[in-house]
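What follows is a short report on a single structure.
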Amino acid sequence: MIPFGSQRALGQDLATHLLNAHDNETLEVAQVRGSVARDLHGAFAEWEAVAHGLTRCRNYLYSLSINPDPAQGRLTREQYLDYVGRVEERLGLAGQPRAVIFHEKHGRQHCHVVWSRIDAEKGTARHLAFDHEKLMMVTREFARDHGLRLPDGYFRDRGDKQKGGQQSLYERAQEAATGLSKEERMLHVTQAWRASDSPKAFVRALEELGYVLATGKRPYVLVDVYGEVNALPKLIDDKTVRTKDIRAFLETEFPPESLPSVEEAQAMIAQHRRAIEDFNKAKAKTDELDKLKAQQAQRLRGVEKDAAELKVRQARERVELSAQQKQQRSALRAAYLDEMKRRKIERAQHRPTGLAAFLGRITGVALMTRKLHKYRDRKRFEAFLAERKQLLDRQGQERLALRRAQQVQAADVNRNLRALDQIEQRECRSLETAMLKQRRIEERRRHDHRMPPVKAKTDTPKKARRVTNPYTSTLARELAERAAARKSAAQAIDLKAEFSRAAAGPAAAGGEASKAPGSAEKERRLRRVTGRRVVTDVNLQGDFEHAAERGRVEGSGEADKAPNPHRTLADYRASKRRVITDVNLEGDFEHAATHRGNYGGEDSASSDGPKPPITPTPKPPRPRRPRGRNRDKDFDRDL
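Take 168 as the starting number for the sequence shown in my numbering and just add one per residue.
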């Protein structure tokens, strides 16, 4: 016996799964406890409402699957309920709402139990700690009491032998969709690994088996022809082969960056797989689908028939209640009228005549009697109105109760219809999955129990694409490349060679420039971008000779005259606006020396001889303001 327990939410999805008649040969809802609704969808909806209204618990359900060993015989219902009672006592779920469902699939009977974890009286959720260990303890006790053999996983000395043999949910879903177990995949991939002597041969063998080598969260994964993804190292059943060995073997010719991603590989084989499956689907028989549709139609007719009968019954109940209430009102009115009629007859019979009537009129007794009768009639009428009002209120409550009860019944029917629609969709998906699995199994039979080959372009590794910014101009990219080249240059600069090349003159530079036909165009583009003249050829010797010659020519004129050190503001502004186009180094040095001499520097020489140093005149001390109060300031001001 193997129990599987888990805390979960999504009660509607769980109810749909438990009521899936396609995946189960027989289905029986044996018990629904602790809810108003008698169906699973309604009960789970009630438990969810209680959980959200009283607590902040998300996983408000505890689902348990009880799977006995078919080889040891079937368990009786009493044994199932005994095991369920032990489990809820050990887990602390005694008295909680629960549902018990029995399934039989391929001759294997098993049981599902779903508890609500919410304690409605305390407004808390039952805490389930170490539930797996407690389930194992209960299973051991139950097996000992009923003489059952347990699997090796319940024993420490035998459990290590089958460690890791439990099938995961992902592997189970893959096997359900493809019909190919993990052991078969490992067998094929291991054979291809051992028979390949090079990475190309191994990749070719994988393609023949229906796998495409790709990269994902791990460097090397396999995508099969059905779109399923598996890690390559996990499919090689050889403990001597490590993950690093596989990477070292494949990185030489198939580095991870050259392989397609998982999404690209799935998109590449999707069209190929779709063509094969569409062809096989057209040839597949639709008997099972027609049978399922017939069963669903029959079940739907039963639910629709119940809905129609409920509608007729509700209309009849409303008519009957209306007639009953009308009869009650008529009976009350008739009783009042009969009482008034009886009173009138009785008064007429006891009315005085003759002398008694005369004396009554004279003495006023007759008047008092009439007023007393009117008073009693008025009181009787008020009592009738009060009783009639009570009757109307009671009848209104009855109509409201009936309307609400009928609304609940209609809601149950609508919920059953929605649940049936969900169940039908789930059954159709299950049938499609089963048919697809069968088609894939038959297809592999035609390929010697292997997947059809896939032709993937993995012979030549892909080159990593150069990522460029499409919004950057060509000139900006050239400038960036030049800057990067200057930064990355590691060789030292030979100053002697550079000065020799610069001193060679414009002839050498012009010769080099003539080799580049687009240099003038690049210079114009650089000048347009930067706004400055680009100096491409430098001749230092020629520039210095030209500057010296220009200085000698200009020095023979008025450049020898000493400038006026006292310039006006207009001259200063004009000098600031002047654009310097020619450089006269010799004249500039002479001008600077003359300008400093006129200002009385240490190196200046005058005809009058050396001038004495200028002594700065000390400033007079600043008078201090007397400190005092406001009246002292006013007194000093008046003085």
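Backbone N, C-alpha and C fix where the C-beta goes; we use that ideal spot for every residue, glycine too.
Just so it is clear, the structure is predicted and the values come from calculations on it, not from any experiment.
Inter-residue distance for R205 and V196 is about 10 Å (C-alpha atoms, whole angstroms).
Between the alpha carbons of D454 and Q463 lies a distance of about 14 Å. Assigned with DSSP and collapsed to three states, H279 falls in strand. When the five nearest sequence neighbours on each side are left out, the beta carbons in the same chain lying within less than 8 Å of the beta carbon of S428 are those of A381, T382 and G383, in order along the chain. Nearest neighbour of D236 by Cα position, chosen from E245, L260, D249 and H277, turns out to be H277.
Remark: fewer than three beta-carbon pairs, one from each stretch, lie closer than 8 Å, so the stretch 176-194 and the stretch 231-250 are not flagged as touching. A straight-line Cα-Cα distance of about 15 Å links A372 and F421. Between Q263 and S232, the C-beta gap is not smaller than 8 Å, which leaves the two residues out of contact. Under the criterion of beta carbons closer than 8 Å, A182 and A498 do not qualify as touching, at roughly 49 Å.
Here G172 is bridged, per DSSP, to L231. Cβ neighbours of N226 within its own chain (closer than 6 Å, five residues either side excluded): Q174, R175 and A176. Burial is judged here by how many other beta carbons sit within 10 angstroms of a residue's own beta carbon; N234 has fewer than 16 and is exposed. By the neighbour-count criterion, in which a residue is buried when 16 or more other Cβ atoms sit within 10 angstroms of its Cβ, E591 is buried.
E271 is bridged by DSSP to T193 and Q276. Burial is judged here by how many other beta carbons sit within 10 angstroms of a residue's own beta carbon; M168 has at least 16 and is buried. In this structure the stretch 483-497 lies against the stretch 553-565, because at least three pairs of beta carbons, one per stretch, are closer than 8 Å. Taking a contact to require three or more Cβ pairs closer than 8 Å, the stretch 471-480 and the stretch 569-587 qualify as touching. Taken in chain order, no unbroken stretch of beta strand (DSSP E) lies wholly in the stretch 436-501 with a span of 3 residues or more. If you draw a straight line from the Cα of T193 to the Cα of H184, it comes to about 14 Å. One thing to note: D405 has its Cβ within 8 Å of the Cβ of T357. Sixteen is the threshold: when 16 or more other Cβ atoms of the shown chains lie within 10 Å of the Cβ of R440, as they do, the residue is buried. It is roughly 11 Å from the alpha-carbon of R518 to the alpha-carbon of G527. Here the C-alpha atom of R316 lies approximately 47 Å from the C-alpha atom of D473.
For A287, the three-state secondary structure derived from DSSP is coil. When the alpha-carbon of E424 is set against those of T407, G220, T291 and P386, the nearest one is in P386.
According to the DSSP assignment, Y378 belongs to the beta strand (DSSP E) that extends over Y378 to A381. Contact between Y378 and V390 is confirmed by a C-beta separation of about 7 Å, below the 8 Å threshold.
Within the stretch 509-555, the complete alpha helix (DSSP H) runs of at least 4 residues fall at 522-530.
In this chain, the beta strand (DSSP E) harbouring L389 covers V388 to D391.
For V203, no alpha helix (DSSP H) segment is defined, and its DSSP state is neither H nor E. In this structure, L558 places its C-beta atom within 8 Å of the C-beta atom of R496. The three-state secondary structure of A261, taken from DSSP, is coil. One alpha carbon belongs to K460, the other to E554, and they sit about 59 Å apart. The continuous stretches of beta strand (DSSP E) do not include A296, and DSSP gives it neither H nor E. DSSP places V408 in the coil class of the three-state scheme, outside both helix and strand.
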